[in-house]
Amino acid sequence: MVQDNDRQDASGPMIRFQKVKKSFGDVHVLRELDLDVATAERISIIGASGSGKTTLLRILMTLEEPNSGVIYVDGEPLWHKKVNGELVEADEKHLRKMRGKIGMVFQQFNLFPHMKVLRNVTEAPIHVLGTPRDKAEARAKELLDMVGLADKMDNYPSQLSGGQQQRVAIARALAMQPKVMLFDEITAALDPELVGEVLGVMRQLAHETQMTMLIVTHEMGFARDVSHRIVFLHEGQVLEEGPPEKIFTNPDHPRTREFLSRVLEH
Amino acid sequence: MLPPFDLLPTLVRGLRVTIGLTLAASTLALIVAVIAGVARTSKNPLISGIVGFYVELFRGTSVLVQMFWIFFVLPIPPFNISLSPFLAGVIALGLNVGAYGSEVVRGAIQAISRSQIEAGIALNFTPTQRMTRIILPQAMVRILPPFGNLLIELLKSTALVSLITLSDLTFQALTLRQTVGRTTEVFAVLLIMYFLLAYPLTLGVRWVEGRRVWA
Ligand SMILES: Nc1ncnc2c1ncn2[C@@H]1O[C@H](COP(=O)(O)OP(=O)(O)OP(=O)(O)O)[C@@H](O)[C@H]1O
Ligand SMILES: [Mg+2]
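Protein sequence lines, in the order shown, are assigned to chains A and B. For the first sequence, our numbering gives the first residue as 781, with consecutive numbering after it. For the second sequence, our numbering gives the first residue as 7, with consecutive numbering after it.
Take a look at the structure:
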């Protein structure tokens, strides 16, 4: 049990990682990681392969449980429940309540192959949120239109290109109206010529919404354009963070510099 | 009626029983297979343990012995459960094929990629919704063809119910052989009738295999 001495309120950050540790066997992936993300802030998380970027997002999406530390989302502990002022391990009910605040887009899209595009987008709103079907479909069509796929709603995912599938996945996550969206290298699995269309949708999203966004990406130009802040992860900790102009032009830490020179080369 | 058509009225009476038995036992087997297959993937060791015991018990013993138990032993104290031959046949065949079927269901569920479950978690589906809306519909595609083959086996096994006094197709054929003789003729018609029952099932399995609309 952890003492809940840091009371969170509405004016606090949308997301707070407090000394979060995660290891897989002997591999220490997150080492007492601290990170705050403000409401409506967009951060890009960068770092070498294996630095823990995916793990950080997966813990937020409750796909992976941290070994210790506390995470707050929207003022409430994510993996814990408050009982008489003490934090105890969350049950499925609490996790489900918290998941309602968070959405995620995966590297491999993970669309439901047995559902047509429209149903991929409406299934959760209808059956999780209880949205009436006609309203859910109208909203889904709007979202598919926004990602430029209104004409594909009667296709199965397998009939779409990777870029199109990823845009459906973005629409599907948006349909749940989460407060926080997580994007894990959503262009990494795409052929180079399809990356642009997905990043285009992301740029539009960044301009038109006030959603809090955590973006893991290797597309440094894109990160620079859409992020309020860049977070450089190194060996499971935030080694350096700051506004894109600063991090990309004049980072403080030699390791950040070394990483950037490596990825900006190609 | 000309031979062998004079044999038909009696055999058709048996055929009706065989078809009814196959339909009822298949339905039971399908329900049992899905429930037991899902339960075996449960994280609760008690649930998966009990279901595992059932599956191994029914796979590890002969269906005929199971039928004898249900029909001859259950009516005796301390059980005192008397079942009609038809019901005993349905239960024995349903539970037996259901045990094999549950392994098919379990395998198909476990073949669904973890990332599908994770997408379901990210969209905040309940565990039950993840099973019924995401995993099982995808698993069905893998389940149906082997399950069709199990149903063909089930159909053929129904012949065993003649040994618990049920007047199925095989039972009627054996009776005819005793009353009118003509062994070759009787068993030739019997063979054809079983084949005509099983063949549409075989075609059905092939149709299902070729029908998947999504890749
Ligand atoms: N389920 C798991 N079991 C064991 N080890 C894991 C698991 N998930 C991640 N790891 C390990 O944890 C470390 C961090 O992984 P993570 O996926 O978070 O890195 P990443 O920063 O996203 O890397 P990449 O840029 O390659 O995607 C890696 O060494 C990885 O092998
Ligand atoms: Mg990763």
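Just so you know, even glycine gets a beta-carbon here, dropped at the ideal spot from N, CA and C.
* Asked: Is V901 of chain A near A920 of chain A, with beta carbons less than 8 Å apart?
  -> yes
_Assuming the contact rule is C-beta atoms closer than 8 Å, F77 of chain B and N102 of chain B should be a hit. Round their C-beta distance to whole Å, please._
No, F77 of chain B and N102 of chain B are not in contact; Cβ-Cβ is about 14 Å, not under 8 Å.
Taking a contact to mean a Cβ-Cβ separation below 8 Å, would you say A39 of chain B touches V110 of chain B in this structure? yes
inquiry  = Less than 8 Å between C-beta atoms, sequence neighbours within five positions excluded: which residues of the same chain meet that for S1007 of chain A?
reply    = R822, I823, S824, I995 and P1024
Does the Cβ-Cβ distance between L157 of chain B and L207 of chain B come in under 8 Å? yes
For this session: Return no unless some Cβ of chain A is closer than 8 Å to the Cβ of R139 of chain B.
Result: At least one C-beta of chain A is nearer than 8 Å to the C-beta of R139 of chain B.
Proximity test, E734 of chain A beta-carbon vs ligand 1 heavy atom, cut-off 7 Å:
Any answer about residue 734 of chain A is impossible in this case: the structure gives chain A only from 781 up to 1046.
Discussion item. Between which residues of its own chain and L858 of chain A is the CB-CB distance below 6 Å, once the five residues before and five after are set aside?
Written reply: Only residues of its own chain outside the window of five on either side were considered, and among them I851 and M878 have a CB closer than 6 Å to the CB of L858 of chain A, listed in chain order.
Next on the checklist: Could you check if V1043 of chain A belongs to the surroundings of ligand 2, using beta carbon to heavy atom distance under 7 Å?
Outcome noted: Not under cutoff, so the answer is no.
Next on the checklist: According to DSSP, T992 of chain A sits in a beta bridge with which residue or residues?
Outcome noted: A:V960
| query | Can you tell me whether DSSP reads M794 of chain A as helix, strand or coil? | reply | Coil, per DSSP.
Less than 8 Å between the beta carbons of L27 of chain B and T164 of chain B, yes or no? With contacts defined by Cβ atoms closer than 8 Å, L27 of chain B and T164 of chain B form a contacting pair.
Next item on the list: Could you name the residues of chain A that E191 of chain B contacts, counting a contact when the two beta carbons are closer than 7 Å?
Entry: Scanning chain A for C-beta atoms nearer than 7 Å to the C-beta of E191 of chain B yields nothing, as the closest lies near 50 Å away.
**Prompt:** In whole angstroms, what separates the C-alpha of D786 of chain A from that of P846 of chain A?
**Reply:** Note that D786 of chain A has pLDDT 45, beneath the 50 cutoff, so the model's placement of it is unreliable and no number is given.
Next on the checklist: Among B:G20, B:P10 and B:L8, whose alpha-carbon lies nearest the alpha-carbon of F177 of chain B?
Outcome noted: Nearest C-alpha to F177 of chain B: B:G20.
Which residue marks the beginning of the beta strand (DSSP E) containing L810 of chain A, and which one marks its end? V807 to V817
For my contact list, L202 of chain B and T24 of chain B are in at a C-beta cut-off of 8 Å; report their separation, rounded to the angstrom. Contact doesn't hold; Cβ gap of about 11 Å is too wide.
According to DSSP, is S54 of chain B part of a helix, a strand, or is it coil? S54 of chain B falls in the helix class under three-state DSSP.
### Task
Confirm, please, whether the CB-CB distance from A94 of chain B to A114 of chain B is below 8 Å.
The Cβ-Cβ distance between A114 of chain B and A94 of chain B does not fall below 8 Å.
_DSSP-derived helix/strand/coil call for Q1017 of chain A_ = strand
Which residues, in order along the region 127-156 of chain B, keep a beta-carbon less than 9 Å from a beta-carbon of chain A? I127, A128, L129, N130, F131, T132, P133, Q135, R139, I140, P143, Q144, M146 and V147
Per DSSP, which residues does R822 of chain A bridge with? Please list them.
-> A:M993
How far does the beta strand (DSSP E) with V850 of chain A in it extend, from its first residue to its last? S848 to V853
May I ask whether a heavy atom of ligand 1 can be found less than 7 Å away from the beta carbon of T67 of chain B? no
Just confirm the distance between the C-beta atoms of G792 of chain A and G855 of chain A, as a whole number of angstroms; I'd bet it's less than 8 Å. 6 Å
- To the nearest angstrom, report how far apart V782 of chain A and T997 of chain A are at their CA atoms. Confidence in V782 of chain A is poor, its pLDDT being 45 and thus under 50, which makes the residue's placement unreliable; the coordinate value appears in the next sentence. Their Cα atoms are separated by approximately 33 Å.
For V981 of chain A and F131 of chain B, the rounded distance between their alpha carbons: 26 Å
F886 of chain A versus A:M933, A:A969 and A:N1030, residue with shortest Cα-Cα distance: A:A969
Exercise for the section: For my contact list, L99 of chain B and V69 of chain B are in at a C-beta cut-off of 8 Å; report their separation, rounded to the angstrom. Expected result: 7 Å
Below 6 Å CB to CB, which residues in the same chain sit around P1050 of chain A once its five sequence neighbours on both sides are set aside? What the structure shows of chain A is the stretch from 781 to 1046, and residue 1050 of chain A is not part of that stretch, so it cannot be assessed.
Fill in: Contacting residues, own chain, Cβ-Cβ under 6 Å from E215 of chain B (five flanking each side not counted)
So the list reads P151, once near-sequence residues are dropped.
With 8 Å as the C-beta to C-beta threshold (strictly closer), list the residues of the region 871-893 of chain A near chain B in chain order. E872, R876, R879, G880, I882, G883, M884, F886, Q888, N890, L891, F892 and P893
Practice problem: If I'm right that L1013 of chain A touches G827 of chain A with Cβ under 8 Å, what's the distance once you round it to whole angstroms? | Solution: 4 Å
(message) Taking 6 Å as the limit between beta carbons, can you name the residues of its chain near V167 of chain B, skipping five residues before and five after?
(response) For V167 of chain B, same chain residues with a beta-carbon under 6 Å away, outside a window of 5 residues either side, are G95 and D174 in chain order.
Flag this pair as yes or no: are the beta carbons of L810 of chain A and L836 of chain A separated by less than 8 Å? Contact check for L810 of chain A against L836 of chain A passes: the beta carbons are separated by less than 8 Å.
| query | For L815 of chain A versus V1011 of chain A, is the C-beta distance shorter than 8 Å? | reply | yes
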